[in-house]
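Enquirer: Numbering (our numbering), first residue to last: 86 to 307.
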Amino acid sequence: MNKMIPPKKIVCIFAHPDDEAMGPGGTIVHFLKEGCKVYLICVTSGNANGSSELGEIRKKELQKSTKILGINNNNLYLLGFDDGTLNNNNYHLVVEKIEKILFDIKPDTLLTYNMNGVSGHLDHIAVSMQTSYLFERLKFVKQILYFTHLKSIKKLMGNKYFVYFPEGLDKNDMDLAVDVSSYLDTKIKAIKAHVSQTKNKEIMFLFFKRLLKEEYFKVIQK
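1. Would the beta-carbon of Ala211 fall within 8 Å of that of Tyr176?
2. Is Asp264 closer than 8 Å to Lys298 when the C-beta atoms are compared?
3. How would you write the range of the alpha helix (DSSP H) that Gln282 sits in, first residue to last?
4. Roughly how many angstroms lie between the CA atoms of Lys307 and Tyr231, to the nearest whole one?
5. Between which two residues does the beta strand (DSSP E) carrying Tyr301 extend?
6. With a CB to CB cut of under 6 Å and the five nearest residues on each side skipped, what residues in its chain are close to Ile156?
7. Which one of Phe220, Ser281, Met107 has the shortest CA to CA distance from Phe188?
8. Pairing CB atoms from the region 255 to 262 with CB atoms from the region 99 to 108, are three or more of them under 8 Å?
9. Would DSSP call Lys224 helix, strand or coil?
10. Which residue's Cα is closest to the Cα of Lys93: Gly120, Met107, Leu147?
11. Could you spell out where the beta strand (DSSP E) holding Leu163 opens and where it closes?
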């Protein structure tokens, strides 16, 4: 299953504060433990209602979350776009801003959502496509990891948090499974750092602890 070349320098690219923890938070800890340099680009401020005050709150929550995961705040990049704007006129501007950061870092690996954005969120899908474009464009990037979920997750998630939750893959169709059982407590602690977004999510924390012992990825290499 493991097609991945061990990364030396990886940039994780996500749309919102909390995506880093709710998504591959355990994998981020794993890579850091393995001595990999990990960077995070968060494209929006998380200001779901357009509030600059909320955006500032979520910025501080993200800084706390990344510190819990082990990412140095100097390796955290906040682009500050508004929620829900990534697939319209900002599409190319987002790419330009991410590309400048990647040229400074020169990572060998990128990590983002799969092409359906995992949950189907349009901002997620936009970031996945933008990151995929940069993967193909930049010669120094050798592989991209697409965070993906198992088919069984769709039944568990249902419409509790999403109108429609896209179907995932069978385990045999994954390219990489990262054992995160040792890091689940850290992952959940990082999620809880996003106080403004964790209301009524205790059932999700229980779900993580009981069922999500691995995090899965599709891997594409050049």
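Just so it is clear, CB atoms sit at the ideal spot from N, CA and C, and this is done for glycine as well.
Expert: Taking the structure as given:
1. Going by C-beta atoms, Ala211 is nearer than 8 Å to Tyr176.
2. Lys298 places its beta carbon less than 8 Å from that of Asp264.
3. Following the DSSP letters along the chain, one finds Gln282 in no alpha helix (DSSP H), marked with neither H nor E.
4. One Cα belongs to Lys307, the other to Tyr231, and the distance between them is close to 15 Å.
5. For Tyr301, the enclosing beta strand (DSSP E) begins and ends at 299 to 306.
6. For Ile156, where only same-chain residues beyond five positions count, the Cβ hits under 6 Å are Val123, Leu125.
7. Ranking Phe220, Ser281, Met107 by Cα distance to Phe188 puts Phe220 first.
8. Per the Cβ contact rule, the region 255 to 262 is not in contact with the region 99 to 108 (fewer than 3 Cβ pairs under 8 Å).
9. Three-state result, Lys224: coil.
10. Checking every option, the nearest Cα to that of Lys93 belongs to Gly120.
11. Run containing Leu163: 161 to 166, per the beta strand (DSSP E) assignment.
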